[in-house]
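Colleague: In this note's numbering, the protein residues as written are 9 to 452.
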């Protein structure tokens, strides 16, 4: 419930304004003199002030109101002030509006115009507070990652912030890192951050999709081959391990590697030594290994599909990248990044994006944005332009959406404390804030 403070020496005016705004669901405090208003401001968290300009009988200059306004602006700069008076002095009105007054309403007022003015001022105040909060969070993030190379990653979620903090902590070491997560979630981006912030950053980062390597060419691809080592090998071939010497080797989808390939890989990881195909010369390399998989390797070990000794070699430290549906705060910033300022998103489009379950993760979001850019003629992309599969939207809502009544009831029981209400509903505080915004529920 928003709290309004009416400052007017006329008791009838105070009563009329209190009745008008209480009927609209506001909590109204009244003060007939400036010193009483200051006392209320010290005791209550006021959202908006309605201020008269004269407080003594026969006074019409507005000087008292002018003095009070500047005091309020100095002591409570974040509270919007709407000025009310029967005596209009245009030059003073212009001065005070320039100094920060939200609006100026002449007495007798029009109820609807006054209600609209107050509602708009409160909306602007809320947006300003949200923007300031977002700016503070961004500044904190910039400070946290100052001097670090995030390789262009776009994120706003706490989950990604914590993951990147851990990645940056691990980056300077030579420890083998296993990145787990669904396909398309962005595991390669985390590998790039690990390399870019390591002491090996001036050396190459070599990427290998292990699942795409044919079994008969895996050895030649990783370790290289001499000319004539196999049919069609007309010249010496440098393998990925040699190419990555001094740098980092990123082994993507390592869970898809065959057992025979796993055995050959294990020896190199243990000793750093290997021979090119068709050569007896042992070569040694200094390579940091970063692996990634969307598979459950512990389950694969129990089924005999993945070597346990290899698992321990590649999994000194594990980083888990949550799927996009579990990083809802990242969806809209990523979409705006992919749209690259060419088009904007409507509020409904943003809500549709956040309601979708994203089985294809970030890769799917990128493709969808590219398609929307090509097919949308207007400057703004609406929810219908996204053409999201309805069954995925429905499934997402069925899983975790709460209705407005449940949220309001929880907030009431928690006396407006969002963290307590979120705990009661079994969701995160950020998730509750998103649903409150969706249903138009304002924090107490």
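Ideal Cβ placement from N, Cα and C applies to all residues, glycine included. From a predicted model like this one, the values you see are computed outputs, not experimental measurements.
1) With DSSP collapsed to three states, give me the class of residue 408.
2) Whole-angstrom Cβ separation of residue 462 and residue 324, contact assumed at under 8 Å?
3) Jot down the residue ranges of each uninterrupted beta strand (DSSP E) in the segment 94 to 135, minimum 3 residues, whole runs only, in chain order.
4) Grab me the residues of residue 404's own chain with a C-beta within less than 8 Å of its C-beta, minus the 5 sequence neighbours each way, in chain order.
5) Pick out whichever of 378, 90, 298, 59 has its Cα sitting closest to the Cα of residue 261.
6) What's the C-alpha gap between residue 85 and residue 368?
7) So if DSSP puts residue 19 in a beta bridge, which residue, or which two residues, is it bridged to?
8) By DSSP's criteria, residue 217 is part of a beta bridge. Which residues make up the other side?
9) How should residue 50 be labelled, buried or exposed, when 16 other C-beta atoms within 10 angstroms of its C-beta is the threshold for buried?
10) In this structure, does DSSP put residue 301 in helix, strand or coil?
11) In whole angstroms, what is the alpha-carbon distance linking residue 75 and residue 113?
12) When you measure from the CB of residue 117 to every non-hydrogen atom of the ligand ATP, does any distance come out below 6 Å?
13) I'd like the span of the beta strand (DSSP E) that includes residue 281, first residue to last.
14) Using the Cα positions of residue 402 and residue 21, report the straight-line distance between them to the nearest angstrom.
15) What's the C-alpha gap between residue 370 and residue 32?
16) Rounded to whole angstroms, what is the Cα-Cα separation between residue 301 and residue 219?
17) What runs of the alpha helix (DSSP H), each 4 residues or longer, lie entirely inside the segment 316 to 389?
18) How would you write the range of the alpha helix (DSSP H) that residue 201 sits in, first residue to last?
19) Identify the residues that DSSP records as bridge partners of residue 10: which are they?
20) In its own chain, which residues sit with a C-beta less than 8 Å from the C-beta of residue 429, not counting the 5 before and 5 after it?
21) Could you tell me if residue 203 is buried or exposed, where buried requires 16 or more neighbouring beta carbons within 10 angstroms of its beta carbon?
22) For the putative contact between residue 240 and residue 284, defined by C-beta atoms under 8 Å, what is the C-beta separation to the nearest angstrom?
23) Does the separation of the CB atoms of residue 94 and residue 110 fall below 7 Å?
24) Name the two residues that bound the continuous beta strand (DSSP E) containing residue 37.
25) Quick check on DSSP: helix, strand or coil for residue 54?
26) How big is the Cα-Cα spacing for residue 443 and residue 198?
27) Whole angstroms is fine: what's the gap from residue 170's alpha carbon to residue 436's?
28) Buried or exposed: residue 255, going by 16 or more other Cβ atoms within 10 Å of its Cβ?
29) Do you know how far the Cα of residue 181 is from the Cα of residue 205?
Modeller: Looking at the coordinates:
1) The residue given as residue 408 occupies position 400 in the chain shown. The predicted position of residue 408 is uncertain, since its pLDDT is 49 and thus under 50; a value taken from the coordinates is nonetheless stated next. Judged by DSSP in its simplified three-state form, residue 408 adopts helix.
2) Shown here, the chain extends from 9 to 452; a query on residue 462 therefore has no answer.
3) Listed in chain order, the complete beta strand (DSSP E) runs (minimum 3 residues) inside the segment 94 to 135 are 111 to 114.
4) Position 396 of the chain shown holds residue 404. Note on residue 404: pLDDT 47, under 50, position unreliable in the model; no value is reported.
5) Residue numbering aside, residue 261 sits at position 253 when the chain shown is read from its first letter. That would be 298, whose Cα lies nearest to the Cα of residue 261.
6) Numbered from 1 along the chain shown, position 77 holds the residue referred to as residue 85. Numbered from 1 along the chain shown, position 360 holds the residue referred to as residue 368. Residue 85 and residue 368: Cα-Cα distance of roughly 47 Å.
7) What you label residue 19 is simply residue 11 of the chain shown in a count that begins at 1. For residue 19, which the question treats as bridged, DSSP gives no partner whatsoever.
8) Residue 217 sits at position 209 when you count from the first residue of the chain shown. When beta bridges are read from the DSSP output, residue 217 appears opposite 260.
9) Translated into the one-based positions of the chain shown, residue 50 becomes position 42. A residue is called buried when at least 16 other Cβ atoms come within 10 angstroms of its Cβ; residue 50 does not meet this threshold and is exposed.
10) On the chain shown, residue 301 is found 293 positions in, with the first residue counted as 1. Reduced to three states, the DSSP call for residue 301 is strand.
11) For the purposes of this step, residue 75 is taken as residue 67 along the chain shown, with counting starting at 1. For the purposes of this step, residue 113 is taken as residue 105 along the chain shown, with counting starting at 1. If I take the Cα positions, the gap works out to 18 Å.
12) Absent from the structure shown: the ligand ATP. Ligands present: none.
13) Within the chain shown, numbered from 1, the residue matching residue 281 stands at position 273. Residue range 281 to 283 is occupied by the beta strand (DSSP E) that includes residue 281.
14) As a working mapping, residue 402 is identified with position 394 in the chain shown. As a working mapping, residue 21 is identified with position 13 in the chain shown. With a pLDDT of only 44 at residue 402, under 50, the local geometry of the prediction cannot be trusted, and the value read off the model is given with reservation. Whole-angstrom Cα-Cα distance: 51 Å.
15) Taking the first residue of the chain shown as 1, we reach residue 370 at position 362. Taking the first residue of the chain shown as 1, we reach residue 32 at position 24. Straight-line spacing of the CA atoms in residue 370 and residue 32 works out to 43 Å.
16) Position 293 of the chain shown holds residue 301. Position 211 of the chain shown holds residue 219. Distance between the alpha carbons of residue 301 and residue 219: 10 Å.
17) Look at the segment 316 to 389 and you find these whole runs of alpha helix (DSSP H), each 4 residues long or longer: 316 to 322, 336 to 347, 355 to 363, 369 to 383.
18) As a first step, residue 201 is located in the chain shown; it is residue number 193 there, counting from the start. Segment 195 to 204, the alpha helix (DSSP H) holding residue 201.
19) For this step, residue 10 is matched to residue 2 along the chain shown. Beta-bridge pairing links residue 10 to no other residue.
20) Your numbering for residue 429 matches position 421 in the chain shown. Sequence-distant partners of residue 429 (beyond 5 residues in either direction) whose C-beta falls short of 8 Å from its own C-beta, in its chain, are 415, 418, 419, 421, 422, 440.
21) On the chain shown, position 195 is the one that residue 203 refers to. Burial is judged here by how many other beta carbons sit within 10 angstroms of a residue's own beta carbon; residue 203 has at least 16 and is buried.
22) As a position in the chain shown, residue 240 is number 232, starting the count at 1. As a position in the chain shown, residue 284 is number 276, starting the count at 1. So it is not a contact: roughly 16 Å between Cβ atoms.
23) Reading the chain shown from its first residue, position 86 is the one you call residue 94. Reading the chain shown from its first residue, position 102 is the one you call residue 110. If you check the CB distance, residue 94 and residue 110 do not come in under 7 Å.
24) Locating residue 37 in the chain shown gives position 29, counting from the first residue. Per DSSP, the unbroken beta strand (DSSP E) holding residue 37 starts and ends at 35 to 39.
25) Against the chain shown, residue 54 aligns to sequence position 46. Judged by DSSP in its simplified three-state form, residue 54 adopts coil rather than helix or strand.
26) As a working note, residue 443 is residue 435 in the chain shown. As a working note, residue 198 is residue 190 in the chain shown. Rounded to the nearest angstrom, the two C-alpha atoms are 30 Å apart.
27) The residue you call residue 170 lines up with position 162 of the chain shown. The residue you call residue 436 lines up with position 428 of the chain shown. Rounded to whole angstroms, residue 170 to residue 436 spans 16 Å at the Cα level.
28) Translated into positions along the chain shown, residue 255 becomes position 247. Residue 255 comes out buried.
29) Against the chain shown, residue 205 aligns to sequence position 197. Against the chain shown, residue 181 aligns to sequence position 173. When rounded, the separation of the alpha-carbon atoms in residue 205 and residue 181 is 10 Å.
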